[in-house]
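Inspection log for the structure reproduced underneath, given as structure tokens.
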Amino acid sequence: MADDRLIIAGREFKSRLWVGTGKYKDFVETRKAIEVSGADVVTVAVRRVNITDRSKENLLDYIDPKKYTILPNTAGCYSVEDAVRYARLARAAGVSDLVKLEVLGDERTLFPDTAGLIEAAKILIKEGFVVLPYTNDDPIVAKKLVDIGCPAVMPLAAPIGSGLGIRNPYNLKIIMETVKVPIIVDAGVGTASDAALAMEYGADAVLMNTAIAGAQDPIAMAEAMKYAVQAGRLAYKAGRIPRKLYATASSPIEGML
Amino acid sequence: MPDTIHIRVNGEAKDWRRGATVAELLQDLEIKTDRVAVELNLEILDRASFAQRPLEDGDRVEILSFIGGGGEKGAR
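Chain order of the listed sequences is X and D. So for the first sequence, this note's numbering puts the first residue at 1; every next one is plus one. So for the second sequence, this note's numbering puts the first residue at 1001; every next one is plus one.
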């Protein structure tokens, strides 16, 4: 699979598993889980620096921005204004023009506010951002996001942190068929089979955080996810057999007594 | 004019010396400038301008950086 690279807006990625950096016990565990997962894209959030306790270490002392693509998100933003502000701050803090754009609609479900998402994406694209939008599993919204210039779309599998797995495989399949940019299934994955399934459906990558960080053994789960994404990708490319109602014998009848 | 100005840094009230620049504020707070974004009265500053911007009485400074996050941590 060495030549099976994922390319988004001219950037090449080795890994089709992308991971978040939240919810880990400490930075050492964060670093270890990411290393084991094989991911080369990691998401981060933008927050106030703790000015009273400067002993607090910086995440980027543990995750080398030269080794990983740092993808800042606008997590926690519930309005177009906030999301745009955080995206601009992320760019000013200095890694790149990449942003995982989130405009959330509701605190209980953390579902995207897709109208706000499209509006914020338009503003940021005009300012030269490479906008990777966290969106609903809605094919029409996905198409609109691509039409306004998003070089990939990131539909959810299920609500963030829910671990419910892919709730609407048919919508995801429609998005994969109708949208001609990479699809990164983001949020809601619970375990390895969920990630494998997303890749088997034809997703170009899977992004997750809680499924790894929240597992009883995050390091082991990071490894499981690495193989799940690779296996799912291989199975997708190999082309599965059609489902049939009745049996087809694998052993020949010829030569039987 | 008094030598002290009143500013807010990340929401905290602080007395600071008049004429200090943003770069000096960061230095005094022991914050490395390479991975932070600074917003001064809602305007995001270019890193190159930190040393040129003197702080004024009533300024609101926000200093932000990257922390661990996926999609689930709320900003509020």
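Ideal Cβ positions, reconstructed from N, Cα and C, are used throughout, including at glycine.
| message | How far does the alpha helix (DSSP H) with E223 of chain X in it extend, from its first residue to its last? | response | The residue given as residue 223 of chain X occupies position 223 in the first sequence. Note, E223 of chain X: alpha helix (DSSP H), 218 to 238.
| request: Per DSSP, which residues does V185 of chain X bridge with? Please list them. | output: The sequence position of residue 185 of chain X within the first sequence is 185, counting from 1. V185 of chain X is bridged to X:V206.
| field | Whole-angstrom distance between T210 of chain X and G76 of chain X, CA atom to CA atom | value | As a first step, residue 76 of chain X must be located in the first sequence, where it is residue number 76. As a first step, residue 210 of chain X must be located in the first sequence, where it is residue number 210. Approximately 16 Å between the Cα atoms of the pair.
| Along chain D, which residues have their Cβ under 7 Å away from the Cβ of G259 of chain X? | Residue 259 of chain X lies beyond the residue range present for chain X, which begins at 1 and ends at 257; the question has no answer from this structure.
| Which value, in whole angstroms, describes the spacing of the CA atoms of N171 of chain X and A198 of chain X? | As a first step, residue 171 of chain X must be located in the first sequence, where it is residue number 171. As a first step, residue 198 of chain X must be located in the first sequence, where it is residue number 198. Approximately 12 Å, taken between the alpha carbons.
| 6 Å Cβ shell around G232 of chain X - same chain, five flanking residues per side excluded | Here residue 232 of chain X corresponds to residue number 232 of the first sequence, with the count starting at 1. Cβ neighbours of G232 of chain X beyond the five flanking positions: A196, M199, E200.
| task | Check each candidate in D:L1040, D:T1033, D:A1020 and name the one with the smallest Cα separation from D1136 of chain D. | result | Limits of chain D in this structure are 1001 at one end and 1076 at the other, which puts residue 1136 of chain D out of reach.
| In chain order, what residues of the same chain have a beta carbon less than 7 Å from the beta carbon of A120 of chain X, not counting five sequence neighbours either side? | Within the first sequence, the letter at position 120 stands for residue 120 of chain X. Counting only Cβ-Cβ distances below 7 Å, and skipping sequence neighbours, we find V80, A83, V84, L101, V103.
| Looking only at its own chain, which residues have a Cβ that is under 8 Å from the Cβ of R240 of chain X, when we skip the five neighbours before and after it? | As a first step, residue 240 of chain X must be located in the first sequence, where it is residue number 240. Once the five neighbours on either side are set aside, the close Cβ partners of R240 of chain X are E200.
| query | What residues match up with E1039 of chain D in a beta bridge as DSSP calls it? | reply | Counting from 1 along the second sequence, the entry for residue 1039 of chain D is found at position 39. According to DSSP, E1039 of chain D bridges with D:I1044, D:E1062.
| C-beta neighbour in chain X for I1063 of chain D, strict 8 Å | What you label residue 1063 of chain D is simply residue 63 of the second sequence in a count that begins at 1. So yes, I1063 of chain D belongs to the interface.
| said: Using beta carbons (cut-off 8 Å, strictly below), is A195 of chain X in contact with chain D? | reply: As a first step, residue 195 of chain X must be located in the first sequence, where it is residue number 195. A195 of chain X does not count as touching chain D.
| Residues of the segment 30 to 52 of chain X whose Cβ lies closer than 7 Å to any Cβ of chain D, in chain order | T30, T43, V44, A45, V46, R47, R48, V49, I51
| query | Which bits of chain X does E1053 of chain D rub up against, with CB to CB less than 8 Å? | reply | As a first step, residue 1053 of chain D must be located in the second sequence, where it is residue number 53. The sequence given here has Arg at residue 1053 of chain D, not Glu. Result: empty, since nearest Cβ-Cβ is about 14 Å, beyond 8 Å.
| message | Going by DSSP in three states, Y201 of chain X sits in which element: helix, strand or coil? | response | Position 201 of the first sequence, counting from 1, holds the residue named residue 201 of chain X. The answer is helix: DSSP assigns Y201 of chain X an H, G or I state.
| field | Bridge partners - G1068 of chain D, DSSP secondary structure assignment | value | The residue labelled residue 1068 of chain D in the question sits at position 68 within the second sequence. BP columns for G1068 of chain D point to X:V44.
| Quick one: is N1041 of chain D near chain X, going by C-beta distance under 8 Å? | Working through the second sequence from its first residue, we reach residue 1041 of chain D at position 41. Chain X, which has no Cβ nearer than 8 Å to the Cβ of N1041 of chain D, makes this no.
| request: Could you have a look at E107 of chain X and say whether DSSP puts it in helix, strand or coil? | output: Along the first sequence, read from residue 1 onward, the residue named residue 107 of chain X stands at position 107. Here E107 of chain X sits in coil by DSSP.
| request: Given a cut-off of 8 Å, decide if A1051 of chain D and A1023 of chain D are closer than it, judged by their beta-carbon atoms. | output: Numbered from 1 along the second sequence, position 23 holds the residue referred to as residue 1023 of chain D. Numbered from 1 along the second sequence, position 51 holds the residue referred to as residue 1051 of chain D. Yes, the Cβ-Cβ distance between A1023 of chain D and A1051 of chain D is below 8 Å.
| query | In chain order, what residues of the same chain have a beta carbon less than 8 Å from the beta carbon of D61 of chain X, not counting five sequence neighbours either side? | reply | For the purposes of this step, residue 61 of chain X is taken as the residue at position 61 of the first sequence. If we look at D61 of chain X and ignore the five residues flanking it on each side, its Cβ neighbours are F27.
| field | Residues near G214 of chain X in its chain [Cβ-Cβ closer than 7 Å; skip 5 each side] | value | Residue numbering aside, residue 214 of chain X sits at position 214 when the first sequence is read from its first letter. Contacts found: K23.
| said: Output needed for R31 of chain X: all residues of its chain with C-beta closer than 7 Å, excluding positions within five of it in sequence on either side, in chain order. | reply: In the first sequence, residue 31 of chain X corresponds to position 31, counting from 1. Excluding positions up to five away in sequence, the list reads Y62, I63.
| Neighbour flag for N73 of chain X against chain D, beta carbons, 8 Å | In the first sequence, the residue the question calls residue 73 of chain X occupies position 73. Cβ-Cβ to chain D under 8 Å: yes for N73 of chain X.
| said: Against chain X, with Cβ distances strictly below 8 Å, would G1019 of chain D count as a contact? | reply: Your numbering for residue 1019 of chain D matches position 19 in the second sequence. No, its Cβ sits nowhere closer than 8 Å to a Cβ of chain X.
| request: With a threshold of 16 other CB atoms inside 10 Å of the CB of Q216 of chain X, please say whether the residue is buried or exposed. | output: Your numbering for residue 216 of chain X matches position 216 in the first sequence. Answer is exposed; the Cβ neighbour count stays below 16.
| message | Taking a contact to mean a Cβ-Cβ separation below 8 Å, would you say A203 of chain X touches I183 of chain X in this structure? | response | Along the first sequence, read from residue 1 onward, the residue named residue 203 of chain X stands at position 203. Along the first sequence, read from residue 1 onward, the residue named residue 183 of chain X stands at position 183. Taking 8 Å as the Cβ cut-off, A203 of chain X and I183 of chain X qualify as a contacting pair.
| request: Would you please verify whether the beta carbon of R1035 of chain D is less than 8 Å from any beta carbon of chain X? | output: Looking up residue 1035 of chain D in the second sequence gives position 35. With 8 Å as the cut-off, R1035 of chain D counts as an interface residue toward chain X.
| By Cβ distance below 8 Å, which residues in the same chain neighbour E127 of chain X in space, the five residues on each side in sequence not counted? | Against the first sequence, residue 127 of chain X aligns to sequence position 127. Closer than 8 Å at Cβ, skipping near neighbours: R88.
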